[in-house]
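**Q** Our numbering numbers the first residue of the sequence shown as -15 and each following residue consecutively.
Backbone N, C-alpha and C define an ideal beta-carbon position, used for all residues, glycine too.
On a predicted model such as this, the values are computed, not experimentally measured, just so you know.
Below are the C-alpha cells for one structure; questions will follow.
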Amino acid sequence: MQDFGGAKLILFIGDRIVVLRRDEKPDIPWPGRLDLPGGGRDGEESAVECVLRETFEEVGLSLTPGDLVWQHQFERGVFFAAHLPTEAQAQIVFGSEGQGWLLVDPADYVRDREAIPHFAAMVQRYLDHAFG
C-alpha cells in the first residue's frame, strides 16, 4: 500500500451506516458536515491499525482486522467497509469529537448535500462493489 495520511470506515450496522456530525470549528476540514468514522494516522501505524483505533475512539466499537471486508485507497486516504449486526447499535459509545452520530441508509448518505463529497463517492463505490 502507498503512503497514507488517514483511514475511514464505511461501518454498516444492519443495513444502515454509522455517520458522524463533525464539529462546527472553522479550523477543521468540512466543519459541521456528515463524516464517517476514522481519522489521521498516528506514527507508523498501518491503515488497518489506524481505522480500528479511530473507530474505537469515535464510536466505542472494537473491531478486528477480520471484520474489514473491503479496502480502497483514494489519494492519501484508505477506506474500509465492515458489516455488523443491528444489535451492535446498542454497543455504540460516542467519543469526544463531533456533535453526535446517527445511522443512515447508505444511498441517502451518498445523496446528502451535507455528506463530505469524496466520502460519499467512496460509499457509492463500495455499494457498487458489494451490491452491484
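If I follow the unbroken alpha helix (DSSP H) through V43, where does it start and stop?
**A** It spans A31 to V43 - the alpha helix (DSSP H) in which V43 sits, taken as one unbroken run.
**Q** Residues in the same chain with beta-carbon distance under 7 Å from F(-12), minus the five sequence neighbours each way, listed in chain order, please.
**A** The answer, listed in chain order, is R25, A31, Q57, R60, G61 and V62.
**Q** Who are F58's beta bridge partners in DSSP?
**A** BP columns for F58 point to G61.
**Q** Grouping DSSP H, G and I as helix and E and B as strand, with all else coil, what is D19?
**A** D19 falls in the strand class under three-state DSSP.
**Q** Grab the span of the alpha helix (DSSP H) containing R25 for me, first residue to last.
**A** Segment: none, R25 is in no alpha helix (DSSP H) and carries neither H nor E.
**Q** Please return the same chain residues whose Cβ sits closer than 7 Å to the Cβ of H102, not counting the five positions on each side in sequence.
**A** So the list reads F58, once near-sequence residues are dropped.
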